[in-house]
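Residue numbers (the numbering used here): 13 to 265.
This report concerns only the one structure given below.
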């Protein structure tokens with residue numbers, strides 16, 4: 013089984029080394045398990061620090077993709093394209109901060125079973141989140157999730173958790189529908205699966221959020237809302253309105 017793990021990285025010099033070390037060690041030691049072949053695909057998107065230099069220290073089972081364009085969604089899509097071209101049977105992505113440990117990521121791989129994809133969730137029974145999230149973060153998350161449910165009719169409890177795995181046919185089916193590069197990328201991805209009637213599993217995870225308090229909710233909140241509205245318009249009979257929308261708000265979603 014060939015597994016591609018896409019790691020989007022924007023100025024991650026303080027965290028990427030530990031992530032690559034732990035993931036490399038863990039998956040290298042899985043010989044004899046279901047994962048017979050793996051590769052870490054680090055997508056450097058608009059980095060201006062020493063991230064690239066750190067990543068280049070790793071020589072085994074790693075691929076570096078470098079782009080001047082930013083956005084997590086853009087980086088993940090480029091990683092997906094690479095995996096499709098190189099015939100990875102399973103394609104996933106994980107955040108560079110190692111909030112999802114390699115053990116937790118492998119649990120997703122083991123539990124995908126007959127599903128077309130599997131997504132880690134911090135809000136389903138059995139999940140563990142460290143440290144405990146602030147009430148502001150929880151409220152903001154639940155409001156965002158409520159908006160997703162009423163705008164896209166998706167019942168996932170957590171669309172934003174940065175650890176997901178899909179089978180090759182799933183990525184191949186949805187890749188052209190991935191238009192959002194930043195805030196609502198995960199929603200875009202999951203909605204593309206829904207439109208194509210692909211079956212996803214939401215699975216509990218262990219999440220160690222290293223920097224959750226750095227998120228500026230006052231700034232991010234409106235941007236996330238606008239990104240959701242734009243995605244909804246793109247997937248509607250009046251998608252022509254997006255051109256007007258972009259003129260007013262700009263296409264920075």
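Ideal Cβ placement from N, Cα and C applies to all residues, glycine included.
Computed from a predicted model, the values in this text were never measured in an experiment.
query: Integer Cβ distance of residue 152 from residue 220, believed to fall under 8 Å; result: Actually they are not in contact, since the Cβ atoms of residue 152 and residue 220 sit about 20 Å apart, beyond 8 Å.
query: Span of the alpha helix (DSSP H) around residue 114; result: 114-123
query: Buried versus exposed, by CB contacts within 10 Å (16 or more), residue 72; result: exposed
query: Residue 193 burial status per 10 Å Cβ neighbour count (16 or more: buried); result: buried
query: Local Cβ density within 10 Å of residue 16, reported as buried at 16 or more and exposed below that; result: buried
query: N-terminal and C-terminal residue of the beta strand (DSSP E) that residue 214 is part of; result: 212-216
query: Residue 210 versus residue 104: straight-line alpha-carbon distance, rounded; result: 16 Å
query: Pairwise C-alpha distance: residue 172 and residue 144; result: 17 Å
query: Proximity of residue 121 and residue 106 at Cβ, strictly below 8 Å; result: no
query: Residue from 80, 182, 101 with nearest C-alpha to residue 51; result: 101
query: Bridge-paired residues (DSSP) for residue 141; result: 219
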